[in-house]
Amino acid sequence: MSGETDRRLEALLFAQTAPSSAEQIALWLGIEPDKVPEAIAQLSARLEQSGSALAVHMAGGGYLLSTSPDLDSFLAERLRLAAPEPLSAAAWEVLAVVAYRQPITRLEVEAVRQVNSERALDTLVNRELIGQVGRKEAPGRPILYGTTPQFLKEFGLNAIEQLPEVNFSSRT
Amino acid sequence: MSGETDRRLEALLFAQTAPSSAEQIALWLGIEPDKVPEAIAQLSARLEQSGSALAVHMAGGGYLLSTSPDLDSFLAERLRLAAPEPLSAAAWEVLAVVAYRQPITRLEVEAVRQVNSERALDTLVNRELIGQVGRKEAPGRPILYGTTPQFLKEFGLNAIEQLPEVNFSSRT
Amino acid sequence: MIPEEVLPAERSWQGDIQALALKVRRSPMLARELHLVYLVQFVSERWREAADLQTVSDEAPVTAWIIRRKSDLVLPQREVAGEDALEESGADGTDALWLAGAVQGLQSVFEAAQMYHGHASHSGDREVYHPVKGADLLKLVGSWPQLRPPKPAIAPQLVRDDEYPLERRMERLLSTLHQRAGLVGFTDVTGSPQPGEVVGAFLAVVHLWHQNQIAVHQDSAYDEIWLDAGGKRP
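Same order as they appear, the protein sequences are chains C, B and G.
Position 51 of the first sequence, counting from 1, maps to 51 under our numbering, and the rest follow consecutively.
Each number in our numbering corresponds to the 1-based position in the second sequence with 1000 added.
Each number in our numbering corresponds to the 1-based position in the third sequence with 2000 added.
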């Protein structure tokens, strides 16, 4: 990989505010999509070696140029970066159930939580973290919920399979 | 000037949308304003030495991190290339309904799909595949959706009449 | 017209609620910046001034939707009221344990993701058209919703013409108000307490108010509505 490709990749990513897919990067650089991870690795290495404040971050199935995580607290303090509004404990619970058990109906969510979860589901749909993904073939054809691409982006995941495995015993 | 100040300066400039004044930068970094040019020079030197695609520019009486001028023509040409993006299953369904039943309102789409279709319609409007073609003379004057010229181009059609004939009522 | 500060970042809105809603849909964070007071004022004025109420009839619900979006973004997400416990259904402690672990896992992922700060665009993203991946006619045809359960048929109902149309209600109401000087209570002019009559009278009041023929006062919610045709007498 030439140094020029490397610079071009950095410039292209710099010009974006949302993650770019491997296909998109391949098209921009005129290379095969399967060469993209290599190009990304090379850029990441150069950034790290040169002591850059920037790093390539994978999120929502794409690549994003962002600041290094170690600068987070400094930036948050100096720039007074507005953190997203925190979710309520109820919304966190519902989100966890939907994320790990999707696709899932409201009744199934409630069976896990043992409390009425309609409002929390509503909030999460409005925050675009979950959405309707279909209807269950059951009486009344209840709505099935699942996570959205926005969820992957906000949680820095490429695929839902990257969620950490749930460890039952750690909290007992 | 420590390497840490240098990294912090880079991260701060990266996070800005407009040029930052020397006073502002001094305040962020906790240094004297007259030390700012020195910090900028050090960052610029590091960027250049490491073969970065980025450089610090003076603009509007402030400092701005942006791509090197030598990459301008490359970026202008390449950023216009857009990779194909997939549609969700829901969006495909809604597109089929709109294509065959246009002009059609959201409620009519939902009557066919039996599921809320607001977001899928929005996606298709944003992707320029469907658009508002009018208002229905009914209570609330709901929006009527239809396919766009872009839709025809995308599916290789000259006119909407060229859609393959399908008898949907027999498919239930 | 709306003061400019309503949309510091979005000057191109120009008083079109539907266009604003579309923008909020595209970038939900925009809702954070909206000044709701002006938005509500704007919609009320539109409703008051529009010649044809139908043209503005969907602006109020759309505005309500925008307000909901903003409140979801800016109000702290407190514990949801009305999360009633469901009746005992024999769940053991496993679910609660699993749930705690799942929430913890999700929160750790979220915290890690929030440590990255992306680049704010200098020039504003130019909209680039992205072609559809796998655009194909067969795929389109095959996407027709397969599952169409029979809809419960709505029994046909006989609807009769209103024997007492709105125009006549308005005339009658106006002449009643002109006969009686000063304020007249709404309940005095409704006639029969039948719901249809009350609704009809209320619609007549709304239209007369809309046409600036009468003034309407109400001290607080659910209080008597006072009607006044003073100063407008022929």
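In this text, a Cβ means the ideal position worked out from N, Cα and C, and glycines have one as well.
Check, Outcome
"Return no unless some Cβ of chain G is closer than 9 Å to the Cβ of Ala26/C.", "no"
"At 9 Å on the CB atoms, spell out the chain G contacts of Leu75/C, in chain order.", "His2117"
"Can you name the residues of chain B whose CB is closer than 8 Å to the CB of Gln2041/G?", "Simply none; closest approach about 23 Å."
"Among Ile130/C, Glu128/C, Leu79/C, Tyr145/C, whose alpha-carbon lies nearest the alpha-carbon of Lys136/C?", "Tyr145/C"
"Run through DSSP, which three-state label would Asp2161/G get?", "coil"
"From the DSSP output, in three-state form, read off Gly1131/B for me.", "strand"
"Going along the chain, which unbroken runs of the alpha helix (DSSP H) with 4 or more residues stay wholly within the stretch 29 to 92 of chain C?", "36 to 49, 72 to 78"
"Unbroken alpha helix (DSSP H) runs of length 4 or more, entirely within the stretch 2016 to 2060 of chain G: which are they?", "2017 to 2026, 2030 to 2033, 2036 to 2049, 2053 to 2056"
"For the alpha helix (DSSP H) holding Val2141/G, just list the boundary residues, first then last.", "2137 to 2142"
"Show which residues of chain C have a CB atom less than 8 Å away from the CB atom of Ala2112/G.", "Pro69, Gly156"
"May I ask you to verify whether the stretch 161 to 168 of chain C touches the stretch 1012 to 1020 of chain B, counting CB pairs closer than 8 Å and requiring at least 3?", "no"
"With a threshold of 9 Å between beta carbons, is Leu2020/G in contact with chain C?", "no"
"Nearest CA to the CA of Gly2182/G: which residue from Lys2133/G, Arg2160/G, Trp2226/G, Val2062/G?", "Trp2226/G"
"Does DSSP classify Tyr1145/B as helix, strand or coil?", "strand"
"Identify which residue in Gln1150/B, Ile1104/B, Ala1111/B has its Cα closest to the Cα of Val1133/B.", "Ile1104/B"
"Going along chain B, which residues have a C-beta under 7 Å from Gln132/C?", "Val1115, Asn1116"
"Work out the CA separation of Leu157/C and Glu110/C for me, nearest whole Å.", "26 Å"
"So Asp2228/G is in the beta strand (DSSP E); what residue range does that whole segment cover?", "2226 to 2228"
"Answer yes or no: does any C-beta atom of chain C fall closer than 9 Å to that of Leu2030/G?", "no"
"For Val2206/G, write down the residues that DSSP places opposite it in a beta bridge.", "Per DSSP, none; premise fails for Val2206/G."
"In the DSSP output, which residue or residues are listed as bridge partners for His2217/G?", "Trp2226/G"
"From the DSSP output, read off the bridge partner residues of Ile104/C.", "Tyr145/C"
"Just the chain C side, please: which residues come within less than 8 Å of Ser2108/G by C-beta, in chain order?", "Pro164"
"Within this structure, are the beta carbons of Tyr2116/G and Ala89/C separated by less than 9 Å?", "no"
"So, with DSSP's three-state summary, where would you put Gly3/C?", "helix"
"Is Ser20/C helix, strand or coil when you go by DSSP?", "strand"
"Taking the alpha helix (DSSP H) that Phe2186/G falls in, what are its first and last residues?", "2186 to 2189"
"Tell me, please, which residues DSSP counts as bridged to Gly2118/G.", "Ser66/C"
"Indicate the three-state DSSP secondary structure (helix, strand or coil) for Val2132/G in the structure shown.", "strand"
"Terminal residues of the continuous alpha helix (DSSP H) containing Ser2192/G?", "Looking at the DSSP string, Ser2192/G is not in any alpha helix (DSSP H), and its letter there is neither H nor E."
"Can you pull the chain C residues whose beta carbon is under 9 Å from the beta carbon of Ala1059/B, in chain order?", "The premise fails here: Ala1059/B is roughly 16 Å from chain C at the closest Cβ pair, so nothing lies under 9 Å."
"Do the stretch 89 to 99 of chain C and the stretch 1049 to 1057 of chain B touch if we need at least three Cβ pairs shorter than 8 Å?", "no"
"Looking only at its own chain, which residues have a Cβ that is under 8 Å from the Cβ of Asp6/C, when we skip the five neighbours before and after it?", "Ala39, Gln42, Leu43, Arg46"
"Among Leu2020/G, Val2043/G, Glu2045/G, which residue has its Cα nearest to the Cα of Glu2033/G?", "Leu2020/G"
"Does Val1166/B come out as helix, strand or coil in the three-state DSSP assignment?", "coil"
"Counting C-beta neighbours from all protein chains within 10 Å, is the total for Thr2094/G 16 or more, i.e. buried, or is it exposed?", "exposed"
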